[in-house]
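Encoded as structure tokens, the structure appears first; notes follow it.
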Ligand code: CA
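Structural data, given as structure tokens:
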């Protein structure tokens with residue numbers, strides 16, 4: 004029997020808090036889960052620094068990837084009689100779902116920013132490079148690794164398969180919203196996925212939703228909206244991320260200036276130098292990063308050790324509303340005052356801006372072209388874009404919201420002499 008057709012003698016199940024069980028029958032899937040590259044995802048948290056705000060949020064990208072796979076498995080089952088998929092098409096869906104986040108590194112957001120990395124590029128490298136994952140995919144078919152990479156990359160010719168994994172209503176989002184809600188413990192983020200799966204229909208190259216399922220989709224869109232503002236962009240989480248980012252900046256700066264680290268950060272060398280080979284990329288997971296932060300507590304460099312101490316012991320920066328575009332003069336004055344107070348503003352005065360577009364219909368030529376969610380009107384068999392039918396979705400459609408915050412070490416300011424003019428002026432600007 005061809006490798007791609009082989010089934011396990013007995014179905015394997017993973018107990019899952021969101022989907023109850025994740026079912027695996029295909030040998031290919033089972034083998035992929037067992038690779039070092041996939042197992043590594045256990046050591047990358049799904050929500051980065053969110054656990055410092057929501058202590059339950061320690062779940063990993065491993066959990067999430069299995070969840071996306073399970074949702075796809077159910078969709079394939081529902082679509083069985085409606086699409087002409089052969090064995091390889093189905094495997095393609097499942098593999099792309101399982102592997103879509105394979106290239107995520109530790110604390111992706113901060114690492115990508117500081118070291119100019121792109122996790123999608125590493126996903127491709129892992130799938131196409133000399134890895135266990137690649138060897139398994141090759142056994143399916145010599146062209147199969149490329150196909151999987153193309154689906155994840157959204158360049159594959161089968162647009163239906165792409166839309167199941169990345170669109171405005173896809174398996175990825177449906178898993179992470181529910182999973183992140185579960186692990187953070189918030190009440191937003193829950194919606195009726197079972198219902199959505201039942202009303203999803205494949206139609207040529209897209210997935211559409213039966214009109215009767217509109218309210219379930221509204222609920223899903225609102226869940227996403229709430230999760231972004233209540234969880235993903237939580238100002239305390241961003242404070243931890245700001246500190247993490249500054250630690251990486253400082254360590255890189257020291258390395259490039261020949262600072263003699265007590266503990267040589269060998270795992271970081273290629274990151275600092277800006278040329279990260281796949282092999283090195285895969286070795287740096289979150290436990291390794293935390294090991295270095297622990298070691299850097301002992302470093303001579305006061306900024307590096309102080310920032311690590313903050314991160315390890317959750318002594319985070321405080322924040323205030325601050326729009327740098329409108330408050331340029333205050334920003335420049337604060338920067339100067341911090342310098343005078345001997346608190347390096349490069350590391351201790353940080354503006355962070357987060358923005359989200361909850362849903363949008365297709366606007367040709369705009370920077371972010373998005374495929375709309377279409378409702379299928381059964382009587383006439385025509386398609387109608389969601390925001391035309393739903394008042395709730397229309398209200399938030401195309402509305403990008405941005406939040407600017409200024410982060411600073413309140414404790415250091417508190418420690419300054421109360422009679423200091425510098426302190427008075429800083430507080431005046433920050434809290435006026
Ligand atoms: Ca994902």
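In our numbering, the protein residues as written are 4 to 435. Backbone N, C-alpha and C fix where the C-beta goes; we use that ideal spot for every residue, glycine too. It should be emphasised that the depicted structure is a prediction, and the values quoted were computed from it without experimental measurement.
Check whether the Cβ of residue i lies closer than 7 Å to any heavy atom of ligand 1, and answer yes or no.
i           : result
residue 175 : yes
residue 71  : yes
residue 359 : no
residue 2   : Only positions 4 to 435 of the chain appear in the structure, and residue 2 is not among them; the question remains open.
residue 179 : yes
residue 270 : no
residue 112 : no
residue 122 : no
residue 67  : yes
Confirm, please, whether the CB-CB distance from residue j to residue i is below 8 Å.
i           : j           : result
residue 35  : residue 141 : no
residue 241 : residue 55  : no
residue 48  : residue 26  : no
residue 354 : residue 248 : no
residue 72  : residue 97  : yes
residue 130 : residue 148 : yes
residue 348 : residue 338 : yes
residue 389 : residue 376 : yes
residue 128 : residue 281 : yes
residue 392 : residue 378 : yes
residue 109 : residue 287 : yes
residue 178 : residue 103 : no
residue 320 : residue 236 : no
residue 143 : residue 7   : yes
residue 157 : residue 164 : no
residue 270 : residue 291 : yes
residue 52  : residue 139 : no
residue 395 : residue 221 : yes
residue 324 : residue 407 : yes
residue 432 : residue 416 : no
residue 150 : residue 95  : yes
residue 57  : residue 234 : yes
Residues bridged to residue i by DSSP?
i           : result
residue 359 : 404
residue 380 : 385
residue 171 : Answer is none; residue 171 lacks a bridge partner.
residue 10  : 29
- Item | Validate contact between the segment 35-48 and the segment 76-94 using beta carbons, cut 8 Å, 3 pairs | Too few Cβ pairs lie closer than 8 Å, so no.
- Does the segment 377-397 come within contact of the segment 295-315, defined as at least 3 CB pairs closer than 8 Å? No, because fewer than three Cβ pairs between the segment 377-397 and the segment 295-315 fall closer than 8 Å, the two stretches do not touch.
- Start-end ranges of the beta strand (DSSP E) lying completely within the segment 198-263, minimum 3 residues: Entirely contained in the segment 198-263, the beta strand (DSSP E) runs reaching 3 residues are, in chain order, 203-206 and 209-213.
- Unbroken beta strand (DSSP E) runs of length 3 or more, entirely within the segment 267-354: which are they? The segment 267-354 contains these whole beta strand (DSSP E) runs: 321-324.
- Message: Does the contact criterion of 3 or more C-beta pairs under 8 Å hold for the segment 201-212 versus the segment 250-267?
- Response: Contact between the segment 201-212 and the segment 250-267 is absent, with fewer than three C-beta pairs closer than 8 Å.
- Message: Going residue by residue through the segment 384-421, where are the continuous beta strand (DSSP E) segments of at least 3 residues, counting only ones entirely within it?
- Response: Restricting attention to beta strand (DSSP E) runs no shorter than 3 residues, the segment 384-421 encloses them at 385-388 and 404-411, ordered along the chain.
- Message: For the segment 81-96 against the segment 193-204, do three or more pairs of beta-carbon atoms, one drawn from each stretch, fall closer than 8 Å, so that the two count as touching?
- Response: Touching, yes, given that three or more Cβ pairs across the two stretches are closer than 8 Å.
- Unbroken alpha helix (DSSP H) runs of length 4 or more, entirely within the segment 14-82: which are they? Counting whole runs of 4 or more residues, the segment 14-82 contains the alpha helix (DSSP H) stretches 30-36, 39-42 and 64-82.
- Contact the segment 215-235 vs the segment 188-196: 3+ CB pairs below 8 Å: In this structure the segment 215-235 lies against the segment 188-196, because at least three pairs of beta carbons, one per stretch, are closer than 8 Å.
- Query: Residue ranges of each alpha helix (DSSP H) run of no fewer than 4 residues wholly in the segment 88-118, ordered along the chain?
  - Reply: Counting whole runs of 4 or more residues, the segment 88-118 contains the alpha helix (DSSP H) stretches 90-102 and 111-118.
- Enumerate, from N- to C-terminal direction, the unbroken alpha helix (DSSP H) stretches of 4 or more residues contained entirely within the segment 128-171. The segment 128-171 contains these whole alpha helix (DSSP H) runs: 135-143, 147-156 and 162-168.
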